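J.: For the working numbering, count along the sequence shown from 1 and bump the result up by 8. Note that the Cβ used here is the ideal one computed from N, Cα and C, for glycine as well. Please read these numbers as outputs of a predicted model, since none were measured by experiment. Next up is a structure, given as structure tokens.
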Amino acid sequence: MAQIRTYIYPVLIAFCFFYAALILVQISRYAADPPYLLTWFVKLWWATTGTQVLLLLVSSLFLMAL
9 MAQIRTYIYP
19 VLIAFCFFYA
29 ALILVQISRY
39 AADPPYLLTW
49 FVKLWWATTG
59 TQVLLLLVSS
69 LFLMAL
């Protein structure tokens with residue numbers, strides 16, 4: 009179990025940083041155009057698979073629990 013945790017935590021944290029970087033880049037690029045930013049969030053939601061969204065939610069819960 010300890011070996012699984014050593015591999016899962018860095019992957020979850022990497023997913024969090026990846027999505028945070030994507031969102032920050034888009035916000036900084038299109039901050040003056042909120043409707044486009046909203047459509048980008050909708051496109052991001054539909055472009056990601058359910059597994060990736062689930063991983064993002066689970067990893068954020070893990071990070072809040074740390």
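1) When you compare only the Cα positions, how much space is there between valine 61 and lysine 51?
2) Do leucine 64 and tyrosine 27 have their beta-carbon atoms positioned less than 9 Å apart in this structure?
3) Step through the CB atoms of chain D and report whether any lies within less than 9 Å of the CB of glutamine 34.
T.: Working from what's here:
1) Rounded to the nearest angstrom, the two C-alpha atoms are 13 Å apart.
2) The answer is yes: Cβ separation under 9 Å.
3) No chain D appears in this structure, which consists of one protein chain only.
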